[in-house]
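A.B. asks: If you read the sequences in order, they're chains A, B, C and D. Okay, so the first sequence: first residue is 1 according to the UniProt record's numbering, each after it adds one. Okay, so the second sequence: first residue is 1 according to the UniProt record's numbering, each after it adds one. Okay, so the third sequence: first residue is 1 according to the UniProt record's numbering, each after it adds one. Okay, so the fourth sequence: first residue is 1 according to the UniProt record's numbering, each after it adds one.
Protein chains: 4
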Amino acid sequence: MIKVGIVGGTGYTGVELLRLLSQHPEVELTVITSRSEKGIPVAQMFPNLRGHVDLCFSEPSAENLAPCDVVFFATPHGVAHALAQQVLDQGIKVIDLSADFRLEDADEWEQWYNQPHGAKSLLPEAVYGLPEVNREQIKQARLIAVPGCYPTSVQLALLPLLEQGLIETSGIIADCKSGVSGAGRQAKMGALFCEAGESMMAYAVSGHRHLPEIRQGLTRAAGSQVNLTFVPHLTPMIRGIHSTIYAPGKTAKIEALGVDGLQALFEQRYADEPFVDVMPAGSHPETRSVKGSNMCRIAIHQHKDTGLIVILSVIDNLVKGASGQAVQNMNIVFDLPEQMGLQVVGLLP
Amino acid sequence: MIKVGIVGGTGYTGVELLRLLSQHPEVELTVITSRSEKGIPVAQMFPNLRGHVDLCFSEPSAENLAPCDVVFFATPHGVAHALAQQVLDQGIKVIDLSADFRLEDADEWEQWYNQPHGAKSLLPEAVYGLPEVNREQIKQARLIAVPGCYPTSVQLALLPLLEQGLIETSGIIADCKSGVSGAGRQAKMGALFCEAGESMMAYAVSGHRHLPEIRQGLTRAAGSQVNLTFVPHLTPMIRGIHSTIYAPGKTAKIEALGVDGLQALFEQRYADEPFVDVMPAGSHPETRSVKGSNMCRIAIHQHKDTGLIVILSVIDNLVKGASGQAVQNMNIVFDLPEQMGLQVVGLLP
Amino acid sequence: MIKVGIVGGTGYTGVELLRLLSQHPEVELTVITSRSEKGIPVAQMFPNLRGHVDLCFSEPSAENLAPCDVVFFATPHGVAHALAQQVLDQGIKVIDLSADFRLEDADEWEQWYNQPHGAKSLLPEAVYGLPEVNREQIKQARLIAVPGCYPTSVQLALLPLLEQGLIETSGIIADCKSGVSGAGRQAKMGALFCEAGESMMAYAVSGHRHLPEIRQGLTRAAGSQVNLTFVPHLTPMIRGIHSTIYAPGKTAKIEALGVDGLQALFEQRYADEPFVDVMPAGSHPETRSVKGSNMCRIAIHQHKDTGLIVILSVIDNLVKGASGQAVQNMNIVFDLPEQMGLQVVGLLP
Amino acid sequence: MIKVGIVGGTGYTGVELLRLLSQHPEVELTVITSRSEKGIPVAQMFPNLRGHVDLCFSEPSAENLAPCDVVFFATPHGVAHALAQQVLDQGIKVIDLSADFRLEDADEWEQWYNQPHGAKSLLPEAVYGLPEVNREQIKQARLIAVPGCYPTSVQLALLPLLEQGLIETSGIIADCKSGVSGAGRQAKMGALFCEAGESMMAYAVSGHRHLPEIRQGLTRAAGSQVNLTFVPHLTPMIRGIHSTIYAPGKTAKIEALGVDGLQALFEQRYADEPFVDVMPAGSHPETRSVKGSNMCRIAIHQHKDTGLIVILSVIDNLVKGASGQAVQNMNIVFDLPEQMGLQVVGLLP
């Protein structure tokens with residue numbers, strides 16, 4: 001049994017980790033920390049866990065985490081740099097769900113997150129935990145940076161096209177719609193039921209922190225600098241991300257392939273991926289089809305009128321976009337079947 | 001492996017059975033029928049099942065169901081009487097999620113459902129599938145009538161009080177709030193997003209079909225005729241039932257017990273029940289704490305001002321109120337661990 | 001034109017007052033205060049007011065409010081006691097939407113609100129602003145206490161029965177369901193979209209601050225002490241209160257009347273009331289039918305099985321339950337047609 | 001007083017017309033038709049209208065409509081062609097909310113709507129009722145085609161740019177998110193609360209009926225053929241459209257203007273428009289800010305990274321996207337102040 005610790009268990013990615021890990025056959029939940037809730041039973045804060053998780057929150061310290069084989073960090077960005085180093089020094093694997101180790105370039109990180117990076121020396125060894133790209137490196141990693149929710153959804157939709165050089169590296173647009181849980185479990189005015197409900201809005205049109213992460217991933221896939229316009233939207237639902245991606249095809253290549261060829265390309269690229277589902281041509285995936293599940297569903301379209309390639313991609317932001325992907329990484333690191341504990345069927349309706 | 005058939009798999013209890021059974025380690029999904037969708041892959045209608053269920057819908061007939069060990073009926077009331085008989089005749093167990101075999105009294109059934117009962121001869125052997133009451137009879141049953149959603153929620157909240165003769169048998173009030181999925185997956189005006197959303201309403205105040213079922217169950221528990229006022233409400237959420245139950249205590253007995261005694265009584269009554277969670281005194285259970293889970297959570301209150309006993313009880317109407325309870329019955333019938341395939345943690349948020 | 005000031009304009013009752021008053025033909029919006037938002041245009045905080053309200057928030061002080069004919073207090077309880085006195089001293093009418101002047105008994109107030117009452121000397125002249133009961137006193141009042149949302153909904157449903165002595169004064173139950181806006185516009189965890197959405201829960205079962213207010217109003221109507229069990233519930237919708245009220249009839253009197261007599265009684269009682277709509281017998285009012293409107297809709301039922309009287313009553317908690325009723329009071333005080341500015345049709349869907 | 005008839009009053013645009021017209025000071029609601037509901041009081045179907053509208057539904061016939069000065073058609077496309085002709089023949093103005101007279105080209109109409117056009121001879125005189133473009137023609141019109149919801153939102157966002165030749169006429173993308181009421185008040189599976197709730201999906205990616213209408217309007221504004229990619233999405237809210245529009249600027253011209261110049265251009269273009277609100281630079285309009293209101297709010301952005309122009313535009317699909325715009329047209333036709341009856345403040349929260 002793998003002994004697991006969670007640092008910062010009071011947010012939505014924390015409770016989602018607990019939901020998944022409490023059902024995982026090879027995991028022993030060992031420590032869960034929260035400075036503010038120290039001593040409180042986890043199941044008192046999250047009553048869905050009653051009967052499933054007996055732990056109490058404890059102080060986040062290297063000492064408390066010492067018995068673990070792996071520690072998940074479900075903390076806001078910037079708060080866990082120091083502790084992550086101490087945990088690694090004890091020979092424990094670290095899987096970080098925050099943005100702290102996602103960007104290779106510390107300067108870029110500092111610019112987008114408005115604070116000094118507290119663990120630059122760890123950046124070179126951090127592995128970007130998108131299994132569909134980095135499975136081999138993940139196997140060897142000590143420190144894994146779990147991708148953000150928007151970046152997961154956008155990259156999976158564009159990888160096959162960029163890897164094959166079928167689209168231009170500029171002019172890409174990602175119009176993304178996220179459920180409100182993406183804002184986290186904090187008492188913020190904008191996330192109130194009466195503020196976010198029955199309404200739709202774009203935000204951060206001028207620039208969102210996930211932009212450099214997406215750009216970095218797409219650039220790697222393309223082998224040359226990619227630029228894109230990324231516009232996130234707040235959608236009145238709890239879970240889910242729907243990305244609508246407009247990809248400017250290289251005309252000759254796309255004409256040669258046709259829509260059927262594109263469809264085949266995606267199917268081939270993801271044939272062996274347990275958590276990417278290429279839907280039949282012409283599908284319109286719904287976010288609810290992946291509610292609670294680690295699946296990413298993708299559909300490929302070509303607009304009749306303009307010929308533009310339109311990719312639709314849906315995930316559950318808290319699962320494939322966070323905690324589920326984190327567990328997927330853990331399975332890879334510990335050489336377990338990658339789907340173990342993750343074969344949850346989406347909750348529909 | 002138990003070979004399972006489902007008759008009428010296109011509704012919400014059908015897809016919920018598929019979600020649960022596709023993860024059940026001892027089940028082999030064998031047949032799923034729908035007259036209207038014959039030949040269509042189940043996963044085309046319910047994309048959350050893609051990769052989990054490969055079956056196509058087939059014609060509902062005794063012949064098609066012949067290979068099964070057990071058949072779940074997830075049909076509307078009144079449509080499966082004849083087929084149920086034929087299935088039983090083949091030596092197959094039947095677990096019926098409709099109302100067809102819940103009432104002992106065929107006359108009462110015919111009066112509430114406005115049609116002749118098509119299988120009266122089966123009524124004497126039908127077992128009411130509330131494991132918390134009838135576990136022993138369920139073990140021996142050929143034909144199980146899975147309780148309705150409201151009746152499950154109300155009975156579990158009142159059983160301890162009635163069994164101990166602590167409350168009056170008249171004057172009980174059950175004010176129940178149900179999510180919209182209780183209305184089924186049919187294109188009805190009142191269940192539209194724009195009709196049921198952002199609104200609350202009572203319905204069937206003058207009498208609802210679940211009333212005789214609740215009354216029958218409570219009467220059995222009390223050992224004498226129980227009458228109650230039952231008012232269902234349509235609530236703008238997808239899943240969940242919240243029952244608020246006002247129980248007139250027998251003054252002397254309740255005073256002798258006190259709230260602590262009541263709490264202890266409930267805890268004792270359900271100590272060995274895997275799917276009833278008596279919450280700490282003073283709790284306010286939320287329906288979301290059981291979303292997707294087979295748990296019923298109960299809290300006991302006594303109103304400070306009036307001394308009235310108020311019981312709060314929450315279930316997921318599609319799980320403990322239908323498909324989950326059906327699987328729980330199957331586990332009992334086939335002598336499997338009762339929790340097998342049902343230890344899903346509620347999806348929160 | 002009546003010059004109107006609003007103290008505490010940043011909450012939901014504040015913005016709702018602005019919506020209604022900006023359309024009122026006899027009102028000139030003159031001052032709106034908020035300590036925290038001083039200098040900010042109101043329409044920047046509430047973009048629905050762009051083009052309708054040009055005011056900026058200003059400091060709440062007697063001086064700033066001096067030009068007003070009437071001042072609405074839309075502050076949390078307990079914060080405006082001193083300022084209310086100063087405003088009254090300038091000869092300005094005060095219409096208070098908080099709970100500060102609703103209870104006649106200062107001791108009871110202090111006990112439920114856990115703080116000393118800061119303006120006891122004003123209590124004797126405060127008029128409880130339920131026009132359906134106190135219209136004549138309101139006409140003469142300097143200081144009006146606008147009823148709470150739950151109390152409005154419950155009292156209007158019970159007044160005809162209690163005034164006529166048709167029901168017992170104990171054993172009444174009010175099971176009330178409120179939209180989330182009742183929790184106010186404050187960044188509280190429990191009011192987050194992902195906490196309150198897709199879920200139903202009771203709260204404050206052991207006792208809620210609106211209980212003494214309801215009891216006081218019902219006791220006045222009955223002419224003798226009334227006790228009731230009041231259980232509020234949080235419902236996943238933005239606006240609306242649905243009260244389901246169980247009223248123990250005095251058997252002989254109710255039998256003499258019958259349901260038709262009860263219906264006639266309610267119709268007569270409210271025949272001249274512009275904002276109480278007695279629906280046809282057997283109706284099930286929906287909260288959405290009053291969304292944005294000052295109407296209270298009521299339906300009378302008698303449960304077939306138990307004979308219990310069940311009254312259904314719906315209001316918009318922010319309109320008839322707060323700001324609309326406040327404007328209705330203003331119209332009465334200033335001898336304007338009572339419906340002026342309040343004939344908004346409910347927004348359906 | 002203008003005598004108004006409504007044909008097809010049982011849908012959402014019908015009830016919305018009734019809400020607005022019942023408050024309009026110069027309108028006398030005279031006839032409302034529905035074949036299926038003949039004889040039923042309107043307020044029985046739509047209880048929000050109780051006390052505001054006394055009419056009963058009557059048979060849709062030229063005879064019944066004869067007393068009217070103007071008739072609104074709120075029927076599905078294709079059903080009112082013949083009746084519209086008869087009504088016009090009686091000297092009555094027709095304001096059609098369906099798609100029947102929006103496209104100049106009958107062939108294109110027949111192709112997108114899969115049926116013969118039943119009133120081709122009326123097409124030449126039909127005026128496209130977008131006041132921000134066609135105010136002068138509307139004044140003279142007998143027959144007005146009220147624009148669709150998506151087309152209104154997209155055109156208002158692009159007109160200033162296309163009229164000034166600032167963007168390319170190909171490469172435009174409109175990613176639009178609509179509330180569920182856009183699907184109409186019909187018992188369709190996909191519009192159920194449990195199907196459309198808590199989920200997001202694109203639909204009709206390959207081509208939607210509003211595409212030719214948008215293209216026609218944009219082409220007129222540009223003076224040359226415009227092509228665009230239009231992707232509609234179903235959003236879990238009742239009302240509202242949020243259009244996110246990606247407009248490829250002509251580089252030199254845009255650089256010359258800068259974002260400030262673009263902002264000024266929009267402000268100038270709409271300076272005298274009562275129902276277009278150009279928000280401050282950098283704003284993110286929310287659909288709820290126009291809930292129930294006839295306003296269109298627009299914000300202009302330029303993406304920092306790519307320089308792409310991004311326009312955000314929100315309307316209430318049932319008001320500015322249908323019934324409110326219809327009333328605005330009526331006001332123009334009858335030479336009334338254009339805002340009469342339409343100064344409703346958005347319902348927030």
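Cβ atoms here follow ideal geometry from the backbone N, Cα and C, with glycine treated the same way.
Do you know how far the Cα of Asp272(B) is from the Cα of residue 359(A)?
C.D. replies: This structure does not reach residue 359(A), given that chain A is present from 1 up to 349, and the question cannot be answered.
A.B. asks: What residues from chain F crowd round Pro151(B), counting only those whose CB sits closer than 9 Å?
C.D. replies: Here chain F cannot be found, since the structure's protein chains are A, B, C and D.
A.B. asks: Would you say the stretch 24–34 of chain C touches the stretch 53–61 of chain C, given that touching needs at least three Cβ pairs under 8 Å?
C.D. replies: Flag = yes, the stretch 24–34 of chain C and the stretch 53–61 of chain C touch.
A.B. asks: Given this structure, state the Cα-to-Cα distance separating Gln95(A) from Val4(A), to the nearest angstrom.
C.D. replies: One-based indexing of the first sequence puts residue 95(A) at position 95. One-based indexing of the first sequence puts residue 4(A) at position 4. Reading the sequence as shown, one finds Ile at residue 95(A) and not Gln. Cα to Cα, Ile95(A) sits roughly 11 Å from Val4(A).
A.B. asks: Counting contacts by CB-CB distance shorter than 9 Å, is Arg288(B) in contact with chain C?
C.D. replies: Position 288 of the second sequence, counting from 1, holds the residue named residue 288(B). At least one chain C Cβ lies under 9 Å of Arg288(B).
A.B. asks: What does a CB cutoff of less than 7 Å around Pro212(D) pick up in its chain, not counting 5 residues either side in sequence?
C.D. replies: On the fourth sequence, residue 212(D) is found 212 positions in, with the first residue counted as 1. Leu103, Glu108 and Trp112, listed in sequence order.
A.B. asks: Between the C-alpha atoms of His284(C) and Asp175(B), what's the straight-line distance to the nearest angstrom?
C.D. replies: Within the third sequence, numbered from 1, the residue matching residue 284(C) stands at position 284. Within the second sequence, numbered from 1, the residue matching residue 175(B) stands at position 175. Taking the straight line joining both Cα atoms gives about 15 Å.
A.B. asks: Looking at the structure shown, is Asp335(A) part of a helix, part of a strand, or coil, going by DSSP?
C.D. replies: The residue you call residue 335(A) lines up with position 335 of the first sequence. Asp335(A) falls in the coil class under three-state DSSP.
A.B. asks: Could you spell out the range, first to last residue, of the beta strand (DSSP E) harbouring Asp96(B)?
C.D. replies: Counted from its first residue, the second sequence places residue 96(B) at position 96. Taken as a continuous stretch (DSSP letters only), the beta strand (DSSP E) holding Asp96(B) covers Lys93 to Asp96.
A.B. asks: Please list, in chain order, the residues of the stretch 178–203 of chain D that have any C-beta partner in chain C closer than 7 Å.
C.D. replies: Going along the stretch 178–203 of chain D in chain order, one finds Ser181 and Glu198 with a Cβ nearer than 7 Å to chain C.
A.B. asks: Among the residues of its own chain, which have a CB less than 7 Å from the CB of residue 380(A), if the five just before and after it don't count?
C.D. replies: In the structure displayed, chain A extends from 1 to 349; residue 380(A) sits before or after that span and is not available.
A.B. asks: Name the DSSP bridge partner or partners of Asp107(D)?
C.D. replies: Position 107 of the fourth sequence, counting from 1, holds the residue named residue 107(D). The partner list for Asp107(D) (beta bridge, DSSP) is empty, contrary to what the question assumes.
A.B. asks: By the 10 Å Cβ neighbour count, where 16 or more other Cβ atoms means buried, how is Gln263(B) classified, buried or exposed?
C.D. replies: Numbered from its first residue, the second sequence carries residue 263(B) at position 263. Buried is the call here.
A.B. asks: At least one CB of chain D closer than 9 Å to the CB of Leu228(A): is that the case?
C.D. replies: Counting from 1 along the first sequence, the entry for residue 228(A) is found at position 228. Yes, Leu228(A) lies at the interface with chain D (some Cβ there is under 9 Å from its Cβ).
A.B. asks: Is it a yes or a no for the stretch 242–258 of chain A touching the stretch 181–188 of chain A, going by three-plus beta-carbon pairs under 8 Å?
C.D. replies: Contact between the stretch 242–258 of chain A and the stretch 181–188 of chain A is absent, because fewer than three Cβ pairs lie under 8 Å.
A.B. asks: Compute the Euclidean distance between the alpha carbons of Val278(A) and Val345(B), then round it to the nearest angstrom.
C.D. replies: In the first sequence, the residue the question calls residue 278(A) occupies position 278. In the second sequence, the residue the question calls residue 345(B) occupies position 345. Taking the straight line from one Cα to the other gives about 28 Å.
A.B. asks: Please confirm if Gly240(B) has its CB atom under 9 Å from at least one CB of chain C.
C.D. replies: If you number the second sequence from 1, residue 240(B) lands on position 240. Yes, because at least one Cβ of chain C sits closer than 9 Å to the Cβ of Gly240(B).
A.B. asks: Counting only the same chain and skipping the five closest in sequence on each side, list residues whose C-beta sits under 8 Å from that of Ile332(A).
C.D. replies: For this step, residue 332(A) is matched to residue 332 along the first sequence. If we look at Ile332(A) and ignore the five residues flanking it on each side, its Cβ neighbours are Pro131, Arg135, Ile138, Lys139 and Glu338.
A.B. asks: Closer than 8 Å is the cut-off here; do at least three beta carbon pairs connect the stretch 188–195 of chain D with the stretch 73–87 of chain D?
C.D. replies: Contact fails: fewer than three Cβ-Cβ distances are below 8 Å.
A.B. asks: Exposed or buried, what is Asn114(C) when buried is set at 16 or more other beta-carbons lying within 10 Å of its beta-carbon?
C.D. replies: Counting from one through the third sequence, the residue named residue 114(C) turns up at place 114. Counting Cβ neighbours within 10 Å, Asn114(C) comes out exposed, since fewer than 16 surround it.
A.B. asks: Starting from Ser178(D), trace the beta strand (DSSP E) both ways and give me its first and last residue.
C.D. replies: Counted from its first residue, the fourth sequence places residue 178(D) at position 178. Per DSSP, Ser178(D) belongs to the beta strand (DSSP E) from Ile172 to Ser178.
A.B. asks: Can you check whether the C-beta of Asp272(B) is within less than 9 Å of a C-beta belonging to chain C?
C.D. replies: Sequence index remark: in the second sequence, residue 272(B) carries index 272 (1-based). It does not: the Cβ of Asp272(B) has no partner Cβ on chain C nearer than 9 Å.
A.B. asks: Less than 9 Å between the C-beta atoms of Met45(D) and Thr13(D), yes or no?
C.D. replies: In the fourth sequence, residue 45(D) corresponds to position 45, counting from 1. In the fourth sequence, residue 13(D) corresponds to position 13, counting from 1. No; because the gap between Cβ atoms is not below 9 Å, this pair is not in contact.
A.B. asks: Hey, is Asn48(C)'s beta-carbon within less than 9 Å of any beta-carbon in chain D?
C.D. replies: Position 48 of the third sequence, counted from the start, is the residue given in the question as residue 48(C). Yes, Asn48(C) lies at the interface with chain D (some Cβ there is under 9 Å from its Cβ).
A.B. asks: Could you give the C-beta distance for Glu286(D) and Val327(D), rounded to a whole number, given that I count them as a contact under 8 Å?
C.D. replies: Working through the fourth sequence from its first residue, we reach residue 286(D) at position 286. Working through the fourth sequence from its first residue, we reach residue 327(D) at position 327. Glu286(D) to Val327(D), Cβ: 24 Å. No contact.
A.B. asks: Under the rule that 16 or more other beta-carbon atoms within 10 Å means buried, what is Gly223(C), buried or exposed?
C.D. replies: Position 223 of the third sequence, counting from 1, holds the residue named residue 223(C). Flag for Gly223(C) reads exposed.
A.B. asks: List the residues of chain D whose Cβ lies closer than 7 Å to the Cβ of Val4(C), in chain order.
C.D. replies: As a first step, residue 4(C) is located in the third sequence; it is residue number 4 there, counting from the start. In chain order: nothing, as chain D lies at least about 16 Å away.
A.B. asks: Against chain A, which members of the stretch 114–133 of chain C pass a CB distance test of less than 8 Å?
C.D. replies: Of all residues in the stretch 114–133 of chain C, none has a Cβ within less than 8 Å of some Cβ in chain A.
A.B. asks: Nearest-angstrom Cα distance between Lys93(A) and Gln23(A)?
C.D. replies: Residue mapping note: residue 93(A) aligns to position 93 of the first sequence, counting from 1. Residue mapping note: residue 23(A) aligns to position 23 of the first sequence, counting from 1. Approximately 21 Å, taken between the alpha carbons.
A.B. asks: From Gly261(A) to Gly240(C), what distance separates their C-alpha atoms?
C.D. replies: For the purposes of this step, residue 261(A) is identified with residue 261 of the first sequence, where counting begins at 1. For the purposes of this step, residue 240(C) is identified with residue 240 of the third sequence, where counting begins at 1. Computed Cα separation, rounded: 53 Å.
A.B. asks: Can you give the beta carbon distance from Arg269(D) to Pro160(D), rounded, assuming they're within the 8 Å contact cut?
C.D. replies: Looking up residue 269(D) in the fourth sequence gives position 269. Looking up residue 160(D) in the fourth sequence gives position 160. Their Cβ separation, rounded to whole angstroms, is 4 Å, which keeps Arg269(D) and Pro160(D) in contact under 8 Å.
A.B. asks: Scan the stretch 236–263 of chain D for residues whose Cβ lies nearer than 9 Å to a Cβ of chain A and list them as they occur along the chain.
C.D. replies: The stretch 236–263 of chain D vs chain A, Cβ under 9 Å: Pro236, Met237, Ile238, Arg239, Gly240, Ile241, His242, Thr244, Tyr246 and Pro248.
A.B. asks: Going by other Cβ atoms of all chains shown within 10 Å of its Cβ, with 16 needed for buried, is Gln90(D) buried or exposed?
C.D. replies: If you number the fourth sequence from 1, residue 90(D) lands on position 90. Its Cβ having fewer than 16 others within 10 Å, Gln90(D) is exposed.
A.B. asks: So Gly292(B) packs on Leu347(B), CB below 8 Å; how close in whole Å?
C.D. replies: Taking the second sequence and counting its residues from 1, one reaches residue 292(B) at position 292. Taking the second sequence and counting its residues from 1, one reaches residue 347(B) at position 347. Rounded, the Cβ-Cβ distance is 5 Å, consistent with contact.
A.B. asks: Can you tell me where the beta strand (DSSP E) with Ala145(C) in it begins and where it stops?
C.D. replies: Numbered from its first residue, the third sequence carries residue 145(C) at position 145. Taken as a continuous stretch (DSSP letters only), the beta strand (DSSP E) holding Ala145(C) covers Leu143 to Ala145.
A.B. asks: Report buried or exposed for Ser121(C), applying the criterion of at least 16 other Cβ atoms within 10 angstroms of its Cβ.
C.D. replies: On the third sequence, residue 121(C) is found 121 positions in, with the first residue counted as 1. Ser121(C) comes out exposed.
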